[in-house]
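Input: a single structure, listed below in C-alpha cells.
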Amino acid sequence: MALKIVKGSIDRMFDKNLQDLVRGIRNHKEDEAKYISTCIDEIKQELKQDNIAVKANAVCKLTYLQMLGYDISWAAFNIVEVMSSSKFTYKRIGYLAASQCFHEGTDVIMLTTNQIRKDLSSPNQYDTGVALTGLSCFVTPDLARDLANDIMTLMSHTKPYIRKKAVLIMYKVFLKYPESLRPAFPRLKEKLEDPDPGVQSAAVNVICELARRNPKNYLSLAPLFFKLMTSSTNNWVLIKIIKLFGALTPLEPRLGKKLIEPLTNLIHSTSAMSLLYECVNTVIAVLISLSSGMPNHSASIQLCVQKLRILIEDSDQNLKYLGLLAMSKILKTHPKSVQSHKDLILQCLDDKDESIRLRALDLLYGMVSKKNLMEIVKKLMLHVDKAEGTTYRDELLTKIIDICSQSNYQYITNFEWYISILVELTRLEGTRHGHLIASQMLDVAIRVKAIRGFAVAQMAMLLDSGHLLTGNMQRNGICEVLYAAAWICGEFSEHLDDPMQTLEAMLRPKVASLPGHIQAVYVQNAAKLFATVLQKHEGATDSQAAQDTSQLLIERLPLFVQSANLEVQERASCILQLVKYIQKLQQKDVEVAEEVSALFAGELNPVAPKAQKKVPVPEGLDLDAWINEPPSESESEDEKPKAVFAKEEPKQSRARHIEVDEKELARRREARKQEQANNPFYIKSSPSSQKVYQDAPGVEHIPVVQIDLSVPLKVPGMPMSEQYLKLEEERRQKERADKKKKDKKKKKREKRGKGKRDDSGPESEEDITPAHQVDIVTEEMPENALPSDDDDKDPNDPHKALDIDLDKPLADSEKLPVRTHRREVLKSPEEDGDQDGITQEAKRRSSKEKKEKDRKKSKEEEKKKKKKKHKHVVEEEPPEPLSEEPVQSEESAEVAAPPTSTSAEASDLDFWLSSAPVPPPIKEALAPKTSVAAAPDSEPDVPKDAEPDEEKSLKNKKKKQKKEKDEKKKKKRHHHHHHHGDGGGGDSVQNGTVEEEEEEEPLPPMSNYCLLAENSYIKMVYDIQGNLQDGSQVVVSVIFENKSNSFLKSMEFNVLDSLNSKLQRPEGASPHDGLVVPFQLPPGVSNEARFVFSVQSIVMPQKLKGTLTFIVKSEDSSTHEKLDFKLHFTCTSYLITTPCYSDAYAKLLESGDLKSSSLKLEGLNMPFHHLLARICFHHHFSVVERIDSCASMYSRSIQGHHVCLLVKTANQTVSIDAKCDEPSLLANVLDEIKQTFSQC
Amino acid sequence: MIKAILIFNNHGKPRLSKFYEHYNEDIEQQIIRETFHLVSKRDENVCNFLEGGLLIGGSDNKLIYRHYATLYFVFCVDSAESELGILDLIQVFVETLDKCFENVCELDLIFHVDKVHHILAEMVMGGMVLETNMNEIITQVDAQVKMERSEAGIAGAPARAVSAVKNMNLPEMPKNINIGDISIKVNLLLQRL
C-alpha cells in the first residue's frame, strides 16, 4: 500500500506544478497564448485521472490561469471534487478555485451544500475556516438558506478563529437570505461582547454594514456601541463604531449630544490619524443632525475645522485630501466656519495633485455666497487661463457653471455679470462643454426675464463677432454656444437694437460650416428675426427696408436649402417659400407684419426636467398593459432620451487655435460700450425701466436700489466681467451707507425694536441685495405632481430586503430551517429539499426558486399590512405568539429582574439617551421597567400616534398588574376566590378575556396637546412634560402648524419670565430675547419645537405670557406678524409617570408623611378603565393595583413629591382619596382632575 | 466593504486578483487594466486615493493603493471603509507577506500566488476585514502550513525533492533585501529574466 502511494507520487513528480506553469509562461513570452492552450490541454488530461493529488494540482494551475483572464468554469465539477477531498491541502486548493470562479449562476454549486456542511462541522478548525472563507465568496440564496443554521451554530464555536469567521459570513448570509436576519440577530448582538477582540471586531463589522443601509433598525444598539466606544482600544473597532454612529445620529439627535463629548475627547487624545479623522467626520455628522443655533457647539465646529486645517496643511497628500473631503461636509451646514479658510482652499487649487485640486474645487462650490461669488469665480477664471491639459480645464469650466447656477442661481446678484462670464468662457478652445455653456445661456435668458435685453445684446455680439465661426469650428464643442445665441436672439428679438444686422450675421455663408442642428436653429430664428424686422418697419412710410430684408432672405436661404442636413433643408425651403410669398404681398403693399409675427407668438415656458415623470397616471390607465399584441422581439433599444439639443456631436479632439487678437477684443469692447449706452435695460437708474420689475403688488418692502451707474472706467486688457466686480463693490458700499442712514432713522423712531437683527453685521447674506430685482421663473411642473421623495431609490438594492425590524419578538414561523429528516421533507416538498437527490434537485430548482420568490413577496406584503394595522387599529394588533406567554408571566413573577423583552430595550435606549439635556418625548420611556409596550417604531411626537401607544401601555400595565395579582391570589386564594366565578369588573384570570372586554369599548382618542393660540396664519398646540433628570426643568413641546398658503419663517418664540418660571435661553442671551424656532414652515406643514423652562416652585399652577413673532412670506410679499399666547403650567405638568410596586406603595402610605385630601365626581358615565386611562394619560399617573372598581394610582413630581390616589367608583360616582407630602400641590392636582372630567 | 483587491506590477501584469463580487473573466481583466492605467500615471508623491471612472460599483467606491517597488497594491472599497484604515491594512498585508516569505519580492508573488491568497484569506473575508493583527495572521498561516506539511508526509517527500531540484534552475533569488529595497532587487531580476 505504502509502496503504491510512493509510486503514485513518483509518477506525479514529473507533472507540471504551478511553479512550472508560471516558469513556462515566462519562458514563452512570444507565444504565450499558444503555450497556455497546450497547458490547458494537459490540465484537462490531468483532471480526467483518478488521483486526487493530480486533480488538485491541475485545479491549482487553473486558478492561476483564471487570474490571467482564462475562463475556467468548465472545470467547475472538478473543483467540487477537489473541494471534497479529505486532505486539507487539496480541500484548500479546491475552495480557493471555487471562491475565484463560482458565482450564483454556477450550477454545480448546489452539489456543494452537503460537502460544505460537512466541512463546517469538521473537527479540524482549518477545514471549517477554509469552508467559511470559500463560502463567503460564492454563497447563493439556496446555500444561505440551507446553511444558515449551521453557520449560526458556529457563531458560538469554542475557537475564536471559527467564531469570527462565522460572524463575518453571516452578513453575506443575510444578504442572500434576509429571513435569517431576525433569528440570528440576538446571537450576533451577543458577539459584540465576545471576550475575543477579533470576534468582537467581526461582529461590529457586520452590524456596521447592516446598519449603514438601514440605520433606524439599529438605533437600539446605540448604548452597547457607546459602551464599546468608550472601552475599546482597538482602533479598527473604534473606527467602525464611530462610522456607525455617524450613520445613526441623523435619526436621533439626542444620541449626537451624548456623543460629542467622548468624541472630542478622542480627538484630543488619539495619536492615530485614521481615528482622529473618523472622529472629526462623525462630530460633523452630529453637528449636522443637531439643529443649529446651539451656541455651545460652535466650539466643536471650531475644533473640527482647526484639526482639518492641520490635516490640509500637512505635507502628506493623503491627509490633505481627506481634510478637504471632511471640510466639504462641514461646509454644508456651517459654511461660515469654513469660509474663513478660503485662502487655504484656494491654495490647494494650485496643488500638483489633481485629486486634491478637484476636492478643493468641490469645496469652493459650497463656499460661495452672494458676497464672494464674483471674487471666487474671478480666481477660477484665472485658473482656467493657466490650466494645462483640457480635462482639468473642462472640470474648472463645469465647476464655474455649477457654482454659479447652484440652488437656482441663488448667489448671483448680477446676472449681467454672469452672462459676461459665460460669454468669456466661449473663448476657451477645445472644450467639450460648449453645450453646457449654451444651456446656461438659454436657461438664464429664459428664466430671468429682466436680463433678456442684456443677454440678447451679448448674443447678438457673439453671432456678429464670428470668432466662433472662424476656421474649422464645427470640430470644436464651443460652437454649441451659437445654438443658444441664435435661439435667444430669435426668440427675444424684440430686445434687439438692430435686428437687421443680426439677421445678416446669421445668414452669412460661413454658417453653413456649422453642425446641422445649429444651422437648423439659425434658419428658424432667422425667420423670427425677419418677423421682427417686418414689424419694425411696418407703418413706416418707406417700405423699402422691409422689402430689402425679404430680398436678403431670398438670396441667402438657398444656401441652406442645399444643406445635407435634412432638418436644415426642410426648414430652409419652408421658410424660403414663405418669404417669397410675403415678398409678393409686400409688393402689393399689403401689411403682413402682424400675420408673420403671429407665426412665432406665444411665450415658451421652462419645464422642469422631471415634469414628464411627475404626471400622475390617470385612474384606470395601465401603462404596462399591451395595447396590441407584443412584438416578437424587443427593438425599442435605440430610443434614448434626447438631450436639450438635437444631439451631441461626437467629441472631437483639440481644435485649431483661434486668435482673438487685441484689435478684435478692443472692437468688441467698443461695441459693447455702444450696446450698453443704447440698451435701456442696462442702466437701471432710469425709472422707466425699473418699473417693469416692480409692477407686481406688494414689493414695496423690498429695498429697491437706486444705482447711479456712471459708465465705468475701462481698464484696458481687463476681461469684461472684471468691471462687475468693481461695480458690485461700489454698489454694496453705497448700499451699506444707505442702510446705515436708514438704520439710524429707524432706531430713532422706534428704540425698542428688535435690534438684534440689525446689528448682526452689515456684511451678512441678507443684506446683499441683488443688483436688479430678478424674478427667476420656476420650472413648470404638472398639476398634482406626485411627491418626489422616492425618485432616486434603486428598487434592486439588495439591502432593501434587510430593512427588517429587529426589535420585534421572534415568531415561531421565523425559525431558521434546520436540516430535517427525509420523511418530513416529503411532507412539505416546497420547503427545503434534501440535497441527496441531485438530479431531482436540479429539475425542481427552477420552480422552487419561483416559489421562494413568491413566498418572500407575500411575506413582505403581509408585514407591510401588519405595520399599517398596527398603527391605526388597536384591536387588530397582532396577537402575541402563544409561546411567549409563559415566558412573560415568568418575568412578571420576578418583578425585580429587568425584563429582557425587546421593547424594553427600546425604552432602555430612551432612558440611556434621556440623560442628554433634551428630555425624552415618550412618557413611558421614563419608566424603563414597566413600559413593556413602548412600540419601537411609532413616532411618539405625534399625538395621533401617541394615543394607541398610550392605550397599549395601559393595557400592558394592567396585564402586569393582573399578573401581580395572580401572584397575590396564590397567597390569598380564599379571599379572592369568589371573583373568579362572576368574572365581572374586568377581573379575570386570563389576560385574553380582559383584553377582549376592553376591545369591545375602545378608548376614545386622547391627546394632551391643547391649544396655545391661533390666528389665520398659524396654530400652536402644546404639551408640558417634566424632566426626570433635572428636578427644576419642564419641557414645553409646541407644535406649530402653518394654516396659511404662505411660507412662515424667522419664527421667534418668547415669553415674559416670571420669578418662578424662566425660559431657558442660550448662554449670553438676555432674558428678553426670544428663542429662534429652528425650522421654517412651508404652507400646510406642522412641526414641533421644544422649549425648556426652569421652575422653582411647583406647588402652584401658573401662566406665562408670551409672543410668537414670524415672517409671512408669500410669493410677492412678506410681512411681520405676531401672535400672543398664554402658557399654562398646570400642576399636572410637573408630575411624571413613575411606576410603583404595590409593596413600596403600601410602605409609602404607611409612613404617615403624607397629607390626605379627597374629591368626589358625580354623574360620570364612563367605564372604569376609561376613567383610569384618562387619569393616567392626562395626569401622568400609573396604576399600582386595581381590584374591581377600585384602583390605587401613583405619580411623582419632578421634585420628588409622591402623589397617591385611591380611586373608587360606584353608581356613576367616583371618589378619589389622595395623599401627598405637599398639600397645595395635591389640591391643585385634584382640581385639575376634576376639571378634566367636568369637560367630558 | 472591500470590493476587490488587486496586485499588479509596474507593467500592469496581474500578480493577484481577488474580486468580492462576481465579474466574468473579461471584465476582470478590463478592470485590472483600467485600474492600472489610473494608478500608474500618478506621481509618487500624490495622495493614495482615487475616485471615479471605475467599472466596479458606482460613485461610492474609491481606489486606495500603495506602490511598493515594482508592485501596486490596490484596494477598491466603498464608503464604509476608512481610507486611512485601508492604507494601514495594505501595510499590514505587505508586512505579513514579508514575514511569511522572508523578505518578499515580486518573484514570490509570481510563483506562489496560492500562498498569497491563503494569507489574504486570513485578513479579509468576503470583502470584510477579518483580522488586522499581524501576529495573529501569521500564527494561523503557519499552523496551516504545518498541517499541509504533515499531510504531505512521506508521500510528499519525493515531490518536494523534485521541486527543490527544479528550483535550482531558477536564477538565485536574493533573499536578504528588505521591502524598501525591492526596487533594486527586482529590477535586477527583471533584467536577468
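Note that the protein sequences, when read in sequence, are chains A and B.
To convert a position in the first sequence, counted from 1, into our numbering, add 184.
To convert a position in the second sequence, counted from 1, into our numbering, add 12.
The C-beta atom is built at its ideal place from N, Cα and C for all residues, glycine as well.
Spell out whether any CB of chain A is found under 7 Å from the CB atom of residue i.
| i | result |
| --- | --- |
| M137 of chain B | yes |
| H129 of chain B | yes |
| L132 of chain B | no |
| E107 of chain B | no |
| F61 of chain B | yes |
| L119 of chain B | no |
| V58 of chain B | yes |
| M146 of chain B | no |
| I17 of chain B | no |
| Q41 of chain B | yes |
| A92 of chain B | yes |
Got a sec: is the Cβ-Cβ distance from residue i to anything in chain B below 7 Å?
| i | result |
| --- | --- |
| D1425 of chain A | Shown here, chain A extends from 185 to 1424; a query on residue 1425 of chain A therefore has no answer. |
| L280 of chain A | yes |
| Q203 of chain A | yes |
| Q501 of chain A | yes |
Can you give me the C-alpha to C-alpha distance between residue i and residue j, rounded to a whole angstrom?
| i | j | result |
| --- | --- | --- |
| I131 of chain B | I122 of chain B | 15 Å |
| L459 of chain A | P407 of chain A | 20 Å |
| V157 of chain B | L295 of chain A | 28 Å |
| L316 of chain A | E226 of chain A | 31 Å |
| I1202 of chain A | I1295 of chain A | 11 Å |
| L422 of chain A | K111 of chain B | 27 Å |
| V522 of chain A | L533 of chain A | 16 Å |
| L530 of chain A | I150 of chain B | 47 Å |
| E143 of chain B | L96 of chain B | 16 Å |
| V125 of chain B | M140 of chain B | 21 Å |
| E1236 of chain A | S1422 of chain A | 35 Å |
| L647 of chain A | L542 of chain A | 34 Å |
| A711 of chain A | S604 of chain A | 27 Å |
| P381 of chain A | V388 of chain A | 10 Å |
| V106 of chain B | Q1248 of chain A | 57 Å |
| T1293 of chain A | S364 of chain A | 54 Å |
Would residue i pass as a contact of residue j if the rule is Cβ separation under 7 Å?
| i | j | result |
| --- | --- | --- |
| I621 of chain A | L609 of chain A | yes |
| Y80 of chain B | V51 of chain B | no |
| L487 of chain A | L435 of chain A | no |
| S1376 of chain A | E1369 of chain A | yes |
| K424 of chain A | C463 of chain A | no |
| T273 of chain A | E160 of chain B | yes |
| G674 of chain A | G618 of chain A | no |
Say the cut is 6 Å; is the CB of residue i nearer than that to a heavy atom of the ligand HEM?
| i | result |
| --- | --- |
| E739 of chain A | Of the ligands one can find in the structure shown there are none, so the ligand HEM has no counterpart to examine. |
According to DSSP, which residues form a beta bridge with residue i?
| i | result |
| --- | --- |
| C673 of chain A | Paired residues: none, contrary to the question. |
| E613 of chain A | DSSP output for E613 of chain A lists no bridge partner at all. |
| N1192 of chain A | N1192 of chain A pairs with nothing; no bridge assigned. |
- Message: Could you check whether the stretch 1192-1200 of chain A touches the stretch 1265-1281 of chain A, counting it as contact only if at least three pairs of C-beta atoms, one from each stretch, sit closer than 8 Å?
- Response: no
- Query: With a cut-off of 8 Å, do at least 3 Cβ pairs link the stretch 1319-1335 of chain A to the stretch 1225-1239 of chain A?
  - Reply: no
- Task: Tell me, please, whether the stretch 355-366 of chain A touches the stretch 318-334 of chain A by the rule of three or more beta-carbon pairs shorter than 8 Å.
- Result: yes
- Cβ contact (3+ pairs, closer than 8 Å) linking the stretch 748-756 of chain A and the stretch 777-794 of chain A: no
- Query: Just checking, does the stretch 741-750 of chain A make contact with the stretch 765-776 of chain A on the three C-beta pairs under 8 Å criterion?
  - Reply: no
- Task: Say whether the stretch 246-253 of chain A touches the stretch 270-288 of chain A, bearing in mind that this needs 3 or more beta-carbon pairs closer than 8 Å, one atom from each stretch.
- Result: yes
- Item | Cβ contact (3+ pairs, closer than 8 Å) linking the stretch 1333-1341 of chain A and the stretch 1354-1364 of chain A | no
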